[in-house]
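Numbering (this note's numbering), first residue to last: 32 to 148.
Worksheet: one structure, shown below.
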Amino acid sequence: MTALAPDQDSTDRPPRREDPDRDPWEPLWRNLVGDRLRTTRHERGETLTDVADRAGVSPQYLSEVERGRKEPSSEMIAAIGGALDLTLLELTASVAEALDDRRTQQVEHAAAFALAA
32 MTALAPDQDS
42 TDRPPRREDP
52 DRDPWEPLWR
62 NLVGDRLRTT
72 RHERGETLTD
82 VADRAGVSPQ
92 YLSEVERGRK
102 EPSSEMIAAI
112 GGALDLTLLE
122 LTASVAEALD
132 DRRTQQVEHA
142 AAFALAA
């Protein structure tokens, strides 16, 4: 098992990688999925209870999934996504887009920093 850096919380980030070309703080899948589910729910103006009831889960569980505190099974992701009228493909594409946006921001930030130096 890889040891975590002293300032690293195992629930929020994966262990640091040795590969210098990779982002050592790449977000976890459960955090990205949870964020997309929460964003969609908010955009629709729905409460945790509304969506949880349709998905067949408790509002507490849905809240933990949205906050990236639970690692939901594919069945749970499908149920929650379905309650939000999202297909697995739409949810996955949305997560991929968020990752791409994050990578673009990192590149732009690095370029601005390099120009300022």
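Beta carbons: idealized from backbone N, C-alpha and C, even for Gly.
Everything numeric in this text was worked out from a predicted model, so none of it was measured.
As assigned by DSSP and simplified to three states, the class of residue i
| i | result |
| --- | --- |
| Arg133 | helix |
| Glu57 | coil |
| Ser104 | coil |
C-beta contact flag for residue i and residue j at 8 Å
| i | j | result |
| --- | --- | --- |
| Gly113 | Ala83 | no |
| Leu59 | Ala129 | no |
| Leu68 | Glu97 | yes |
| Leu93 | Ile108 | no |
Endpoints, alpha helix (DSSP H) assigned at residue i
| i | result |
| --- | --- |
| Leu93 | 90 to 97 |
| Thr80 | 79 to 86 |
Burial state of residue i (16 or more Cβ within 10 Å)
| i | result |
| --- | --- |
| Gly76 | exposed |
| Ser104 | exposed |
| Arg61 | buried |
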